[in-house]
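In order, the protein sequences belong to chains E, S, W and B.
Per the numbering used here, the very first residue in the first sequence carries number -13; after that it's consecutive.
Per the numbering used here, the very first residue in the second sequence carries number -13; after that it's consecutive.
Per the numbering used here, the very first residue in the third sequence carries number 338; after that it's consecutive.
Per the numbering used here, the very first residue in the fourth sequence carries number 338; after that it's consecutive.
The next block holds one structure in the form of structure tokens; read it before the comments.
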Amino acid sequence: MTASEIPALDLVPKTDEVQKAKDFKSDQEVRWCPGCGDYAILAAVQSFLPSLGLRRENIVFVSGIGCSSRFPYYMDTYGLHSIHGRAPAIATGLSVSRPDLSVWVVTGDGDALSIGGNHLMHALRRNVNLKILLFNNRIYGLTKGQYSPTSEPGKITKSTPQGSVDHPFNPVSLALGAEASFVARTIDSDRRHLTEVLGAAAAHEGTALVEIYQNCNIFNDGAFEPLKDAGTKDSHLIRLQHGQPIRFGSEDERAVIRDNDGQIRTVDAETDGNVLVHDAHAEDPGVAFALSRLADTVSLDRTAIGIFRDVQRPSYDRLAREQLEQAGDPAGSTDLSDLIAGPDTWTVA
Amino acid sequence: MTASEIPALDLVPKTDEVQKAKDFKSDQEVRWCPGCGDYAILAAVQSFLPSLGLRRENIVFVSGIGCSSRFPYYMDTYGLHSIHGRAPAIATGLSVSRPDLSVWVVTGDGDALSIGGNHLMHALRRNVNLKILLFNNRIYGLTKGQYSPTSEPGKITKSTPQGSVDHPFNPVSLALGAEASFVARTIDSDRRHLTEVLGAAAAHEGTALVEIYQNCNIFNDGAFEPLKDAGTKDSHLIRLQHGQPIRFGSEDERAVIRDNDGQIRTVDAETDGNVLVHDAHAEDPGVAFALSRLADTVSLDRTAIGIFRDVQRPSYDRLAREQLEQAGDPAGSTDLSDLIAGPDTWTVA
Amino acid sequence: MKETQRRSDVVIRFAGDSGDGMQLTGDRFTSATASFGNDLSTLPDFPAEIRAPAGTLPGVSAFQIHFADHDIMTPGDAPDVLVAMNPAALKANIDDLSANGTVIVNTDEFTKRAVQKVGYEANPLEDGSLEKFSVHEIPLTSLTVGALESFDVTKKEAERAKNMFALGLLSWLYSRPVDQTRDFLTEKFGRKPEILAANLAALEAGWSFGETTEAFEVQYEVGKAALPAGVYRNITGNLALSYGLVAAAQRTGLGMFLGTYPITPASDILHELSRHKRFGITTFQAEDEIAGIGAALGAAYGGSIGVTTTSGPGLALKSETLGLATALELPLLVIDVQRGGPSTGLPTKTEQSDLLQAMFGRNGEAPVPIVAPQSPGDCFYAAIEAIRIATQYRTPVLLLSDGYLANGAEPWRIPDVESLPDLTVSFTTEPNDTDAKGEPVFHPFLRDPETLARPWAIPGTPGLEHRIGGIEKADVTGAISYDPDNHDYMVRTRQAKVDGIAHTIEPLSVDDPSGEADVLVLGWGSTYGPIAAACRKIRDSGLQVAQAHLRHLNPFPANTGEVLRQYRRVIIPEMNLGQLALLIRGKYLIDARAFNQVRGLPFRSEELVEVIRSEMLGESTTRFESLTEESLA
Amino acid sequence: MKETQRRSDVVIRFAGDSGDGMQLTGDRFTSATASFGNDLSTLPDFPAEIRAPAGTLPGVSAFQIHFADHDIMTPGDAPDVLVAMNPAALKANIDDLSANGTVIVNTDEFTKRAVQKVGYEANPLEDGSLEKFSVHEIPLTSLTVGALESFDVTKKEAERAKNMFALGLLSWLYSRPVDQTRDFLTEKFGRKPEILAANLAALEAGWSFGETTEAFEVQYEVGKAALPAGVYRNITGNLALSYGLVAAAQRTGLGMFLGTYPITPASDILHELSRHKRFGITTFQAEDEIAGIGAALGAAYGGSIGVTTTSGPGLALKSETLGLATALELPLLVIDVQRGGPSTGLPTKTEQSDLLQAMFGRNGEAPVPIVAPQSPGDCFYAAIEAIRIATQYRTPVLLLSDGYLANGAEPWRIPDVESLPDLTVSFTTEPNDTDAKGEPVFHPFLRDPETLARPWAIPGTPGLEHRIGGIEKADVTGAISYDPDNHDYMVRTRQAKVDGIAHTIEPLSVDDPSGEADVLVLGWGSTYGPIAAACRKIRDSGLQVAQAHLRHLNPFPANTGEVLRQYRRVIIPEMNLGQLALLIRGKYLIDARAFNQVRGLPFRSEELVEVIRSEMLGESTTRFESLTEESLA
Ligand SMILES: Cc1ncc(C[n+]2csc(CCOP(=O)(O)OP(=O)(O)O)c2C)c(N)n1
Ligand SMILES: Cc1ncc(C[n+]2csc(CCOP(=O)(O)OP(=O)(O)O)c2C)c(N)n1
Ligand code: SF4
Ligand code: SF4
Ligand SMILES: [Mg+2]
Ligand SMILES: [Mg+2]
């Protein structure tokens, strides 16, 4: 599906030129640590964008502060590196006032969920037309290694020498609780999956939240190793695919079912009948939420990736635009004069 | 259950004196509009507190800004009327540093969910030992009637003359997505239910979020009428009771079931077998979340009230205190001297 | 017919319970007075509570109007007439009444209980305490109910119409027209014909009561004021500000985006603008102040006129993002309708105590131009001027209004919109530089040599793709730079850009009719009226005094120092503890005297007269803040 | 044995890639130097990126140390020795080197590609551009790898030890002991014996290389400094500040609660305090800065010493809550470790540009006392002083440190903890007033007549239940009050309380050995060292100059005006655009001259010498900011 076929991108100008990944590379030197997972994501995004066929100047990346938030500098599009946690708010003003832009937000687990949690939630609830890429490395990278709101309990970091006593957020659950219309999760190292998810996000009208598990090899190396290691990944990862029964394990020997008490559970070897079929388009987010709860925060066993939810709800942008249009255009300066005069005037000669 | 029997209140000093509601009335004139739902909540809280048997001076009410946030002035306990949205943060510092206090937060839908959304979410995730009463009147009262994050779509207010284009939060869903260990909903006018829920919240270790539907008779009169009106309330309200099958309607002719696709639904007249039994203590919040989704935002049909979730998870306060205790006491000034000297010193004669 | 006496000006204060409709009554009286052709000025004063409990002091809501047959400057120091709808209203306001003033009381509400409730030991109508005033005791409630007996309304509804009775009575007493009020009521109650009829009847009854009762022997007349020719309307500051924004947006040719969060007394600007989408204005009620300014900044980046409105506590929250805007060098308008502080303070009262927050409330060297209107109607022009600066200099601009301007009203000569300045903005659409190889390139921080403004090149412009951010940028290219000298240069350049605005603003002008004054009173913002009134009174008494008023607080007009140095003494009255005074002293080393009040209310001009005069005559200066050693820090 | 020459002081700068371990190398050299008994001062300077790409200019990380046989004030203007681990390090630092300075370069990294990557046209080691320096070309990497051939480490691991080789070499060159470094490595690599062995061997190899190679003919010695008697340690500002907080908490007898959010360069205070729970210190990493200060304020309400730490952007976010703290009148300590602004600015660089934000960055009149340390070790005492003021006056206090103090180090005489001030706090536990009926009551805003502090009565105290909030309060009772005169009174009283602190702080003292100076240099914060060094140099040259340094920025010491007026000329150097200068000029009407640099780096004392001298001699003053009309606004 190219951009011209994506209704959500209707208003964004297209190009006929053939674009390459390198067209999206800016002249700025990339300044992440060697080995950082951010490189893989950058490369994936740069390779993915040409498939949309949008005019480069109509794409904007807005970010907050953090290692991840350096992202816009490396993209040869418009870009705004803002302040900590506020990117969704800033991007909201841009997106609502400029329907001809494809607006992407790049943020980190601290930026999006700690200081910026409120803006993220409100963007989701309003369904502002933003594609939000949340690089979750479960640590504060840029400030050199404090725990974040997604760090596992008991984590020992610079600020928690005795181990963190915080219970972490699950970004997918949080987003679903905040009325998100599109929520997905993917992994820095899985280029194909990442690209697929980016495509679905781009095609979505409204806010698309994409959580990307990202390795910070300096301060939290191997955080997602169980999901990457050849020995464990098949047993740990649940790949959600719309319309497919949810089975996993190297030989599909595990499955997700709904149980008698209403709970969604994973089981070993189950008969077909009971296996839950994934419905990303279900109006009710209840099952998607339940799927987000399967993962073990520490071992990462039963971690679902893919698109949890993707439903249609008019974007805030569209509804706001419709009100503008309904209001009509003023009849030039006559109207302005009428407005400021109001009904009660008198004349002094 | 009196305070002495509630483990969560172990550390809060008790009194033998018999307390009455009026012992909790301060000398300040109550300044809400005549007819405001806040009066009923105030009366309910004042009547309820004596049942805990706590020493009055060990109870603190912390609030933000809004009509609801005037609450602490009317309680003859300690009280702090703070700034807009920040009460959970302020109360966190108080609660964590003072385990001998029973700390209550009073907030509104704007205060808690608009400007203060992030602090609320983080308190919930950490499970700070706060009892949060969220007066939801689906409007900004104090600033004279703008829509709030819980207002229904299309709402016409001072700031939305063409109707709001925001999609509202569901506070119960949001809290569950934010890892809440206790979430309940009740109604200003139902004194018995309100009192019951307050009791359960007080008995909970960690954050207890209680959403209270509250009528603002000036700017949003009748917002919850379908849940109060004798003609509609039985058909609209789902009263959750732990361990009970979830049936509702004036003759229990409606029920909540889990469906084949994993969804939780309401149905008319259903056989016993399929009716969902409410389990407020379920470790997995999936079903509670699904129950929170049943309500229709506009008509309020299928609105569940009661305790959605009430599970045990050690409070942040307790875990933080344990670390303090583990660290031990310093050996007076010797230890302080050792600390500041450090290992590498030299002497200048 | 009764006797008619002429008055050159009158001050009336309507006071009652929050639920008594005093704001509406005042508003209607104002409207009639405006259309009659008087000059006028108003001061609403209402409690922070929505409906404070009936019959209590904190529940009193008041509205003061000053109207005259000549141009006036203030809502008046002391009312000539107090309408007190209940004991609380009497108690809360009686001390302000001018000597020999008139009191009209609603005796129905002076029950023993009601009187005691507000702390009167005895009924003030009976204990002789009102002796020095001319008191009219009128059972307003029962008269209204009586007049409406035959109407199809409940007793409560009838009682509620007592404010219209009072309005009718006062309209008669001061010979005000009531047609407009009739139209207004017809519009308002169009769908409730019984209520409409009752209110019209109450209005009528009040008028007739004046005409027939013996209590009132004289009717007063206040002639039309000789205002400059033109078409006039009555306008409040918040409304004028809103219209100024609409007009400015139109003159730039761009859309406007208001990102904001409700807060008293700024919310009405949101309410107003949300009704004018047809002028290309998008209003966004954000989740908080930070998101409000953030969204406005995002929209500005996209090429809209970004605006955010707030009051003091909200401005504090916006600090960090405002700093980002100074670093990004994008146009942005931040409007602070100041209220009483610190913290929540006195949310419905007025104050000028955010000036230094506006100047300095950001990390690092982050200069922001500041503009302040001086009267309700002037809010219109101040908004336009602020947007001129923001767009031409690519900078956030702060506009400081206050609670008094916001809600106060005055007659306003409606401008010809064609005469408003042309603010057409042109975005950069082409490369503006060449690289080492001579290829055309776009440099987002290559400045206009005149204004030092950087180009405004918005997303969607092909070939100008670039990235900006809050980290220090290299001169010209805008690439991230940690170079020490570049940083020093950029810090100074941003400052120089803001300082340079002084070249495009009118010089500070002095009002000194005789040209012989050696004392200058310098003000800013809403104190213009009281200061001007005080200066006029002083001149009327035969002394000379000069007045100058700053519309631009940052930068100051280029001639400010020169002007101030011409006077033996400069006096700066402010509704804060001396904030402008600090800036003036620090910059010009002039021993300006600060006269400060932080009472949540505008200055009374009589008080200013006293203060200025004592300074002129070299009498006691104890009323001045000693700005030296002891107290200013 | 080689020849040994004495030097009175030396400045060395280690520079390399972020990954080269230059901070560690500098740290170890410092530690050895400190324990040897020199006086010293250090300046780390590292990029904002965690690991900027290897071999690039932005990736260069440097550490400068100045050590001497006498007391010194600064890390030195220009290094005598530059250790450059790669071409980027050479390029970024060579311009700072003193004339005839020594360069030690790691030739292994000077490949053609590496040299071109940083923009050198030709290899600087070959093109003669380093001619004026004494250059030692040493293949540090290969020598290290060679020395470790027999060790059980990978080549990469061996290469990584090259910093230890360099450290060994420099230690030999300047006769530094290496025992402590050995101990340190043993501790650090205890669990990786091969790595430990390799590092120790590399250190050894570096030392031997110096001793044996002919490249170095002379070894240097810098004698012990005659510091005041006592036990010393080396300490950075952030560490001293952390210890000051622990000590102050102990002296108050209360628990401490740190509510904070990580931000460079303040985070280390959180890291440090989180390790000292046994002193009753709770650290809370909040979701943002607002929650950080909020939680600290909540804890203060509960009777803890509430502290929050941040840098400029975080202080902006805390503004609103800080205003609440001034209204609640509760003790609270807000620490701002200033960095380069505006906005994100230069996060790892130093600046003094938050002073006016600290003074005025809140809505309404919300005065906050400000304390600023003048050296790394002084951070300890400043923390104690700030907590004294906060607890005794029940007020939030701002402590302004900066990036230079935070990360810079100096030898510090360890104080006897018993000699620290007794800060015991007593809460109010009994009613403090009587009501109309003579019954005992508690009035939360009945003030101490001496300090104007209100009682601190914490929850849990029976009989003193009361409510406080951000709305204006009635004097004494603390009930909500909208009364105009009460508001004016309360605003002035809060100001008077803060002003009154001046009575309890030491008067401003002047350093003017001859007593004959007529020019005074006034500073605050971390500029103390460079200013003192400059003044010393001027005096050494036979001229007289006076120095005074403000530790309290609000209120100023009571004698400040008196002191300043004694001088013909007052010069105020600041790392901002003249913030203290504005306050001093505004308050004292003294035509103080501002000398400003905003380069993210401490002043070089030579530059200050030039500036001060030219002012003394009445020569060109063009280097001064003209604080009159044109530029200060
Ligand atoms: C207002 C503010 N507070 C704090 C900081 C310091 N800070 C910068 S990035 C960051 C957190 C980074 O974590 P995350 O968002 O997870 O990004 P990452 O570096 O891990 O990609 C913090 C606390 C800041 N720059 N601004
Ligand atoms: C920082 C700040 N922003 C805005 C306001 C204005 N304000 C006061 S209360 C309120 C919202 C009230 O709504 P809600 O929390 O629902 O409380 P309610 O009055 O309905 O009980 C707002 C926007 C403020 N006081 N402070
Ligand atoms: S610190 Fe971690 S997240 Fe940041 S650039 Fe380095 S590896 Fe990546
Ligand atoms: S405005 Fe509404 S919420 Fe506020 S006091 Fe009045 S009725 Fe209650
Ligand atoms: Mg992270
Ligand atoms: Mg509300």
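No residue lacks a Cβ here, since even glycine has one placed at the ideal position from N, Cα and C.
Computed from a predicted structure; not experimentally measured.
{"Query": "Buried or exposed: which applies to Asn246 (chain E), given that a residue is buried once 16 or more other Cβ atoms fall within 10 Å of its Cβ?", "Result": "exposed"}
{"Query": "Would you verify that the beta carbon of Lys144 (chain S) is, or is not, closer than 8 Å to some beta carbon of chain W?", "Result": "yes"}
{"Query": "For Ile409 (chain B), which option in B:Ala918, B:Ala869, B:Ala885 has the closest C-alpha, if you only look at C-alpha atoms?", "Result": "B:Ala869"}
{"Query": "What whole-angstrom Cβ distance do Ala664 (chain B) and Gly807 (chain B) have, given they're in contact under 8 Å?", "Result": "5 Å"}
{"Query": "On a CA-only basis, which of W:Thr518, W:Glu474, W:Leu394, W:Thr491 is nearest Asp364 (chain W)? Give me that one, please.", "Result": "W:Thr518"}
{"Query": "Taking the C-alpha atoms as reference points, what is the distance between Tyr64 (chain E) and His803 (chain W)?", "Result": "5 Å"}
{"Query": "Can you say whether Phe546 (chain B) is buried or exposed, counting buried as having 16 or more other CB atoms within 10 angstroms of its CB?", "Result": "buried"}
{"Query": "Does any residue of chain S bring its CB to less than 8 Å from the CB of Glu386 (chain W)?", "Result": "yes"}
{"Query": "Name the chain W residues whose beta carbon is nearer than 7 Å to that of Arg304 (chain E)?", "Result": "In chain order: nothing, as chain W lies at least about 13 Å away."}
{"Query": "Rounded C-beta distance between Ile908 (chain B) and Val856 (chain B)? I'm assuming under 8 Å.", "Result": "7 Å"}
{"Query": "Measure the C-alpha to C-alpha separation of Met953 (chain W) and Pro910 (chain W) and round it to an integer number of angstroms.", "Result": "15 Å"}
{"Query": "Name, please, each residue of chain E whose Cβ falls closer than 8 Å to the Cβ of Ile475 (chain B).", "Result": "Within 8 Å Cβ-Cβ: nothing; Ile475 (chain B) doesn't reach chain E, min ~26 Å."}
{"Query": "Flag Val273 (chain E) as yes if its beta-carbon sits less than 8 Å from any beta-carbon of chain S, otherwise no.", "Result": "yes"}
{"Query": "For His824 (chain B), return the contacting residues in chain W, with the cut-off set at a CB-CB distance below 7 Å.", "Result": "Gly677, Leu683, Val935, Arg936, Gly937"}
{"Query": "Which runs of the beta strand (DSSP E) fall wholly inside the segment 495 to 523 of chain B and span at least 3 residues, in chain order?", "Result": "none"}
{"Query": "Between Leu693 (chain B) and chain W, is the shortest Cβ-Cβ distance under 8 Å, so that the two count as touching?", "Result": "yes"}
{"Query": "Going by beta-carbon coordinates alone, are Arg124 (chain E) and Ala30 (chain E) separated by less than 8 Å?", "Result": "no"}
{"Query": "In three-state DSSP terms, what is Ser319 (chain S)?", "Result": "helix"}
{"Query": "Using a Cβ cut-off of 8 Å (strictly closer), state whether Ser301 (chain S) contacts chain D.", "Result": "In the structure shown, chain D does not exist; the protein chains are E, S, W and B."}
{"Query": "Strictly by DSSP, which residues pair up with Leu670 (chain B)?", "Result": "B:Val644, B:Val734"}
{"Query": "For Thr814 (chain B), does the three-state DSSP call read helix, strand or coil?", "Result": "coil"}
{"Query": "Does Glu558 (chain B) come out as helix, strand or coil in the three-state DSSP assignment?", "Result": "strand"}
{"Query": "Three or more beta-carbon pairs under 8 Å between the segment 755 to 768 of chain W and the segment 606 to 613 of chain W, yes or no?", "Result": "no"}
{"Query": "Ile630 (chain W) touches chain B at which residues, Cβ-Cβ below 8 Å?", "Result": "Chain B residues near Ile630 (chain W): none, gap ~12 Å exceeds 8 Å."}
{"Query": "Does the beta carbon of Ser54 (chain E) sit closer than 8 Å to a beta carbon anywhere in chain B?", "Result": "no"}
{"Query": "If the criterion is Cβ atoms closer than 8 Å, does the pair Leu213 (chain S) and Ile173 (chain S) meet it?", "Result": "yes"}
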